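Chains as they are written, first to last, in my numbering: chain A, 2 to 255; chain B, 201 to 629; chain C, 96 to 224; chain D, 628 to 1193. Backbone N, C-alpha and C fix where the C-beta goes; we use that ideal spot for every residue, glycine too. No experiment lies behind these values; they were computed from the predicted model shown. For reference, the structure discussed in these notes is given below.
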C-alpha cells in the first residue's frame, strides 16, 4: 500500500503540526488519524490531500510518502515499528523518535532530534540534519540504542549525544560537541567537527576530517589504518574521556 | 512608618533584612539594601492605566476591557505563548500555569535566557547543593565561576560568602579562600585570592581538565588549557580538594557560553568528583528574585521547570523546541502574553520583531521595551511593595514577600485570575 | 575592527532596569566597553559613537574604555542594544549565544537610537508616558 | 447540605470493631451520622467492601525535595501524562508525579489522608504550597529535627524541657504535625561529608549521640502531648548489617503512651539487613519482627520495595550519596542550614538483582511476621520503595501465598538462601488489610480524635468503596481481582462528597492541612528567649520574623492543640 500525503495550504504555515500518528501501521485500517496544528486537533484530511494506492495486510507493506510543505511537521515516524516513510522534502523535528524497525528516507533536510532514542530500523537523510541528530531525551541516560542513522550532508550540534548503540554516520561536518556523553555504538564523521566526545564513557567515534578544539582529557593510544569512502586513512587513536571513566575510543585522521 | 525585615524583590538573593520607611503610599527610605534594592523600592515610574495600541498611537482603556480583550486574544490563538513570570509571586505564577493548560499554550519563564541550561544540566546529572546558610556557616572555599556577584547580586558576598561570618567560620574574610573564574576581569575577580582567566569558550575544557586532575590524572594535562596554566589548574584543584567545605557559585558566564548546559554539567560532575574527597556544593546564581519560584511552581503543576508546551493537552518539555526564543525565532506563536519580564529588551532582535507582528499583551507595572511592541498593557502592583506573595530564593528557600502599603493597582494574581475565569467560561470547566 | 561581543549584568543596568526609557538606562545599555588599544586604533575617544554590526544588523552605540578586556573583546550590558546584534540561534538548547556574537565596529557620527526607536524599528509603536 | 446514604455496604471498620457487616452509612455535613432524612443522595454499595478512607502514614509527595525530584527528572514525566479532563488538571510523572497526579491517583485508590514524611522547617512554606495543590487528601507534615542545632544543644545540656520548647516553637512556626528524625545526627555530620554509623557515634562538634537525640525527643514528644509519637528513620539506612542499629533503636523506646506507640519506625525494610557487604546481605526481618512483637510501644511501616524504576528521596543526605556510589546515575543533594539535609537519586529495582530481591522479600516478611497488624503499616516510603500506585499489588501479595510463590519463581533463585519468606504461609485477611492501610495509621498518628480512620458517628465521612465483594472472592486465589479492586474505588468519598468514581476524580478538591500546636508556659516560649533569638539571627540566613509559615498558606488548616506538661 502506498499512502501519499500532500500538504494543503494553511493560513498559519509556521505553526507546527504534531503528527506522531503518521506511521505506517496507522494506515493499515481506515483509522481516524488525527494530528495537532498548534493547540487544535485536526483530521488528517484537513491538512493533507490523501491518496491511497493498493492494499496491505501488514504494516511492513505500507509506504507513506509525504510531499509539499513538510518542514514543520513534527514526530513523523515516532514509535514506528514497520514499513517505510519517504519524505520528498524537509521534515520537522523528532522524525523517527523511538522507532524500532522500518525505514525513513528524507530527501531534504531534517530538523532537530532526528531519530531521538531510536531502538532499531534505518533513517537516511539526504540533506542536512539539525541539532541532536540521533541523540537522547532530556534527562534520560541512554540515547539512541540501535539501528542506523545516515546523513549525507552535515549535522548540527550535539550529534549522537548519549549514543548507546547502533551506527550513526554523518558524511559531512558536525557542529559542536558530537558524541558528548557517548556510551556505546559508533559515530562516524566524514568531515570536521568541534570538541568531539566530551565525557565519553564507551563506544567508538571516527573522525575523518578535522577535530577542532579536541579536549585535553584524552590519552593517545597508537594509530591504525582505516578505510572510509573508498580510501585508506591513517588514524590517531585516543582513549577517553579521562575526566570520566575513559573507556571510549576516538579515532582522528592524522 | 518604618517596616522591618522587608524582603527585597530584586535579585535571587531575596535579602529579607531591609528596613523601609513608607509615607503616603510611597517608599521614602531604604536601609540595608544594595543599590539595586534602593532603586527598586524608591522607583516611582508606573504605567498609570491599561493602554491599547490604536494605529500609530495609544489609548487608555479600563481594566475590565483590557482583561476581556486579553482573554479574547488568547482564545483566538492556535499557538499562544505565555512568557515571563519571574518578576511576580508564586500565586500568580500558579494561575498562569493553569491558564496555559486551559488554553493549550506554551508557558515559559525567564530561566529560558538565564539558568535554563543549568536546569538542563541538573536533569542529566543532578544537583549537589545546599541552602546559603550552609555556606555561610561552614564554607572555607568559595568559587565564583562565570559570575560577577558584585554587579548582579551585590550582597551575595556579604550575606552568604566572602564576608559573611558563620558558626564554623568566625572570621570569614580571613578564613575563606575565594576563587573567581571568568573570561574577563570584573569587580568580583578583583577581590579573589585566585583569579583564573579563561579563554572565551574554554570553560568546558578547563572543567574537564580539573575533573581529570581530581581523578589523579595530572600526567595528562598539557602545559596550558584554554589559556590557563597547568600550574594554576593544579593549584586550584588542590585548594578544592583540601577544603573542609567548598561551594561553587556559577553564573551566566557558563550558561550562555558555547556548549551551554554541557558546561554546567561538567561543573556539577567536578563537584561530584570533589565530594569523593571532601564536601562540595554547587549553586546557580539565579537572577530574578522569583525566577526559582517560577521553576518550582511550574514543576509541581506540570512536572517541568520551564518551557512547557500544552499544545497536545498533555505537558511536553523540550528546551530548544518549546523555549520562547526558539518559538519566536521560528515565528510559531500567534499571540503572546508577557507577564513580569521584558523580552523586548532581553531577547534577540528577531524574537522581539515577532512580538511586534502578533497580538502581544503585557502585564507589567512599568513602561519598558516590550511596551512599544505590545498591543495592550495592563499595569499591576509591584510584588514586595504594594502586593505580596511567595518567592523562592536562589537556593530554594521560600520567603513570603510583604505588601508595604495598600496601593491602587490590582496584583498580577487578581488580573490573571480574572483572565483565567473568562477563558474558563468559554472553554467550559 | 572585528570583535566578539560579550554581554552581562552591570549594577547600573540593574539600577535603571525598571526605567528602560530613561536617558540613564540608555547611557548604560548603549555603552560599548572596549580595550583601550582598540579604541586608539579606531581613533575613538570615550563617548565616541560607533556602529556595531553583526549578522543581525547594525546599531549605534557609545564607545567606552574598559580595563580587563583583551583586544578584540567588547562588552555591552544585557539589554536592547546588545540584543539588536544577538543571533537567535540556540543550538537546540533554548539559549542564544549571548556571550559570543561576532561583530564589526566602526566609528560613526550617527545618533544612538533610544530604546523606543529600536522597538519602532522592530515594528512596534512607541509609547510616551 | 442534603445528606448522603451509602446502602448495602460491606463494612470493615476496625477502630469501631466492625468486621464485615452489611450496613448503611449515613452522612451529613461531611460527618458520619446515625441516620439521614429522606431526600438524601443514595449510593448503593451493592455489598462491596467499604472502608474508612485510606491513610498513608509515610509518603513523600510535597515539598522541596519531592519537587526537586520532579525538576531533575523529565524522563520520569514522560510516563503518566494525562491531559486536562473535566475537573482534573494535567498530570505528568510516574515515580514523582505532579501534585495533582499524586492527588488523583491516591484518590482513585480510596486514600483521603496522607502524611508527608519529611519537611525541613526552613522550607515548610514550600510543603504547604504543594499541600494546597494536592487537593483531595488531608495532609500532615512530619517535621525534621534530626540535625537541629538547638535540639542538639539541648540534648548536650541534658535539658529535655528545652528540647520540648524548641519542638513546640518550631511546630507552631512551620505548622508541622509531628517530630521526624531522619538519620539523627547523621544529617549534621553530612554537612562535612561525614555520617554516623551507630546510635552511639558522636555527632561532630556537637558532642551528642543519635541515641541521646532519640531518647530526648521521645520524652519531649510526650511532654508536649503531641498526637503522634516520634517518627524515626533510623541511622544506617540501606547498609548491610544495619538491623543491629534498628534493634538498638527499638530498645531505646520506653512505653510512655497508653493510646499509641511511643516510637514509630518508618520504612523498616531498609533497616533490616544482615550480612556485612552487598554480597552477603540477608534478611533479618525475623529479629526485627520479634523485637516489635515483644514491644507494644513501637509501631513500624513496611517500606516495601517493588520491582521497577523509581526515585529515592530522603532527608538522609549521606545515604543518598552512598546509593549514588552504587548506581552512578544522577545525584542531587540539598543540605538545609541548622536543620537537616536531603538527597535524591533515581533507582531501578530489578528481579535480576539479588540485593533487590532480598529487599523485596524483607518488606513482605515484616508484614507477615509482625503478629499484630496494628503495629505494622503498609507503605512503600513512596516513592523510595515504589510509587504508591503499587499498594494494590502489595495487598495482593500479603493476602495470597499463591501470588508470592508465583513471584518467587521469577526472582533471582538465590534469594531463598538469604530470606525466610519462602517458608512463611501466613495470608492476611480483609480485616488485617483494613487495619494496615487506615485504622492503624489513624491510631499511630493520633488522629482518630479528629475523626480519621473510622466510620463511627461523628467521624469524618472519608469513605472508600471498592469493587470487591469479600463474600464472593477468595483473595488467596483471586489476587488479580484484589489488585484491580484496590487500584480503583467505585466511590471515594471525602468529607461526605463523592470525589472520585471508578478511578476518575470528578470534583475540585478542598483538603485540610492538619498540624499540631502544643501550648507551653511563657518561660518556654522561645520567641521571648534572647539566646535563641540571637543565635537565630546570627546563623540562619532568613530573619526570625520571616521564618514562620503564615496562616494564608493553610486555607483550611486544622490544628490539633495540646497543653504541654512542662
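Is residue i helix, strand or coil when you go by DSSP?
i: residue 526 of chain B; result: helix
i: residue 946 of chain D; result: helix
i: residue 262 of chain B; result: coil
i: residue 1171 of chain D; result: helix
i: residue 920 of chain D; result: helix
i: residue 332 of chain B; result: helix
i: residue 973 of chain D; result: strand
i: residue 940 of chain D; result: strand
i: residue 1097 of chain D; result: coil
i: residue 220 of chain C; result: coil
i: residue 112 of chain C; result: coil
i: residue 908 of chain D; result: coil
Looking at residue i: is its Cβ nearer than 8 Å to the Cβ of residue j?
i: residue 239 of chain A; j: residue 209 of chain A; result: no
i: residue 102 of chain C; j: residue 179 of chain C; result: no
i: residue 738 of chain D; j: residue 674 of chain D; result: no
i: residue 22 of chain A; j: residue 35 of chain A; result: yes
i: residue 993 of chain D; j: residue 929 of chain D; result: yes
i: residue 12 of chain A; j: residue 77 of chain A; result: no
i: residue 406 of chain B; j: residue 448 of chain B; result: no
By how many angstroms is the C-alpha of residue j removed from the C-alpha of residue i?
i: residue 1077 of chain D; j: residue 1183 of chain D; result: 14 Å
i: residue 630 of chain B; j: residue 416 of chain B; result: Because chain B is modelled from 201 through 629, residue 630 of chain B falls outside the range shown and cannot be assessed.
i: residue 128 of chain A; j: residue 185 of chain C; result: 21 Å
i: residue 1128 of chain D; j: residue 1134 of chain D; result: 10 Å
i: residue 187 of chain C; j: residue 519 of chain B; result: 7 Å
i: residue 299 of chain B; j: residue 540 of chain B; result: 16 Å
i: residue 153 of chain A; j: residue 126 of chain A; result: 6 Å
i: residue 172 of chain C; j: residue 335 of chain B; result: 29 Å
i: residue 652 of chain D; j: residue 640 of chain D; result: 12 Å
i: residue 232 of chain B; j: residue 159 of chain A; result: 46 Å
i: residue 357 of chain B; j: residue 154 of chain C; result: 36 Å
i: residue 98 of chain C; j: residue 385 of chain B; result: 17 Å
i: residue 1070 of chain D; j: residue 921 of chain D; result: 19 Å
Who are the neighbours of residue i on chain A, taking C-beta pairs under 8 Å?
i: residue 186 of chain C; result: 132, 157, 158, 159, 176 and 177
Kindly list, in the order they appear in chain B, the residues whose Cβ is closer than 8 Å to that of residue i.
i: residue 954 of chain D; result: Correct list: empty, because the minimum Cβ distance to chain B is about 11 Å.
i: residue 243 of chain A; result: 412, 415, 417 and 420
Taking buried to mean at least 16 other C-beta atoms within 10 Å of its own C-beta, is residue i buried or exposed?
i: residue 166 of chain A; result: buried
i: residue 318 of chain B; result: buried
i: residue 1007 of chain D; result: buried
i: residue 841 of chain D; result: buried
i: residue 228 of chain A; result: exposed
i: residue 458 of chain B; result: buried
i: residue 301 of chain B; result: buried
Along chain D, in chain order, which residues have C-beta atoms closer than 9 Å to that of residue i?
i: residue 138 of chain A; result: 701, 702 and 705
Under 9 Å between beta-carbons, which chain C residues line up against residue i? List them in chain order, please.
i: residue 101 of chain A; result: Those do not exist, as residue 101 of chain A stays about 24 Å from chain C at its closest Cβ, beyond 9 Å.
With a threshold of 8 Å between beta carbons, is residue i in contact with chain E?
i: residue 180 of chain A; result: Within the model displayed, chain E is absent; protein chains A, B, C and D are what it includes.
Could you work out which residues of chain B lie near residue i, taking near to mean beta carbons separated by less than 7 Å?
i: residue 173 of chain C; result: 546
Kindly list, in the order they appear in chain B, the residues whose Cβ is closer than 9 Å to that of residue i.
i: residue 948 of chain D; result: 328 and 475
i: residue 39 of chain A; result: 277, 278, 279, 280, 304, 511, 532, 533 and 534
Mind listing the chain C neighbours of residue i? Cutoff is C-beta to C-beta under 8 Å, in chain order.
i: residue 224 of chain A; result: Here the premise fails: no neighbours, minimum Cβ distance about 32 Å.
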